[in-house]
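Colleague:
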Amino acid sequence: MAENEAEQKAGSGLVKKLLIFGGGGLGMIAVGLGAGWLIFGSAQPDPSEEIEEIIERKLAERETAEAEADNSTEPQKQSKETPEDDVFETIYHEFAGTFTTNLDGSRKMLQLGIGVSTQYDDTVMINVESHQLALRSVILGVISNYSEEDVKGSSGREMLAVSIRDAINGKLEVLEGFGGIEEVHFTSFVLQ
Numbered sequence: 260m261a262e263n264e265a266e267q268k269a270g271s272g273l274v275k276k277l278l279i280f281g282g283g284g285l286g287m288i289a290v291g292l293g294a295g296w297l298i299f300g301s302a303q304p305d306p307s308e309e310i311e312e313i314i315e316r317k318l319a320e321r322e323t324a325e326a327e328a329d330n331s332t333e334p335q336k337q338s339k340e341t342p343e344d345d346v347f348e349t350i351y352h353e354f355a356g357t358f359t360t361n362l363d364g365s366r367k368m369l370q371l372g373i374g375v376s377t378q379y380d381d382t383v384m385i386n387v388e389s390h391q392l393a394l395r396s397v398i399l400g401v402i403s404n405y406s407e408e409d410v411k412g413s414s415g416r417e418m419l420a421v422s423i424r425d426a427i428n429g430k431l432e433v434l435e436g437f438g439g440i441e442e443v444h445f446t447s448f449v450l451q
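In my numbering, the protein residues as written are 260 to 451.
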């Protein structure tokens, strides 16, 4: 019996040692897992929330930068009252083709592209278009009365333009009762 008691004491000592070391090992594992969970597991934010915060912060920075740029670089616009003076619109008409005729007392020819302008209403240009054939004849007659010396230089061209204007207005007054052409413009001027 004494041997049985000795074996029981020896067996129970071994069991106690295994329980102590096993329990200690399990305790150490539990403490390690708990510490790891506290450090790494519970405190991590959701990555999608972090991305949304970054995007919102960038948008807010961009909006403030744009607002500052708008305020600092561009001067503020101030409205001004516009004068209510009557401004007349100039209407232009260019005769199709060119006018070619011999100059007075010369073998040279003058070729002109002619346009006319007015600040009256569209009626004047409608009259010019409807009587274009008669006006072309009058214009050719005026050009053929000028000599080579008469059309040289800008003053000669200006005199020719005034003569053509007066002739066109005279013909329109006969045909329609009103001329209305204010300027004659040369779109081409070739002396050959």
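The beta-carbon is built from N, C-alpha and C at its ideal position, and this holds for glycine as well.
Report, in whole angstroms, the separation of the C-beta atoms of residue 367 and residue 407, which I expect to be a contact under 8 Å.
Modeller: 5 Å
Colleague: Is residue 391 helix, strand or coil by DSSP?
Modeller: helix
Colleague: Return the CA-CA distance between residue 429 and residue 396, expressed in angstroms with no decimal places.
Modeller: 13 Å
Colleague: Quick one: which unbroken alpha helix (DSSP H) runs of 4-plus residues sit fully inside the segment 365-415? Chain order, please.
Modeller: 381-389, 391-403
Colleague: Using only alpha-carbon positions, find the residue among 357, 348, 390 that is nearest to residue 380.
Modeller: 348
Colleague: Exposed or buried, what is residue 293 when buried is set at 16 or more other beta-carbons lying within 10 Å of its beta-carbon?
Modeller: Classification for residue 293: exposed.
Colleague: With DSSP as the reference, identify every bridge partner of residue 447, one or two as the case may be.
Modeller: DSSP lists 372 as the beta-bridge partner residues of residue 447.
Colleague: Find out if the Cβ-Cβ distance for the pair residue 422, residue 372 is shorter than 8 Å.
Modeller: no
Colleague: For residue 486, does the three-state DSSP call read helix, strand or coil?
Modeller: The requested residue 486 does not occur in the structure, where the chain is confined to residues 260 to 451.
Colleague: DSSP state of residue 360, grouped into three classes?
Modeller: strand
Colleague: Nearest by alpha-carbon distance to residue 450: which of 357, 382, 387 is it?
Modeller: 357
Colleague: Count the other CB atoms, across all protein chains shown, that sit within 10 Å of the CB of residue 295; report buried if there are 16 or more and exposed otherwise.
Modeller: exposed
Colleague: Using CA coordinates, which residue listed in 442, 314, 435 is at the minimum distance from residue 385?
Modeller: 435
Colleague: So what does residue 442 bridge to, in DSSP terms?
Modeller: Answer is 376.
Colleague: Which residue's Cα is closest to the Cα of residue 377: 272, 287, 286, 352?
Modeller: Residue 352 holds the alpha-carbon nearest to the alpha-carbon of residue 377 among 272, 287, 286, 352.
Colleague: Kindly identify the DSSP beta-bridge partner or partners of residue 350.
Modeller: 377
Colleague: Among 350, 420, 440, which has the Cα closest to the Cα of residue 401?
Modeller: Residue 401 has its Cα closest to that of 420, out of 350, 420, 440.
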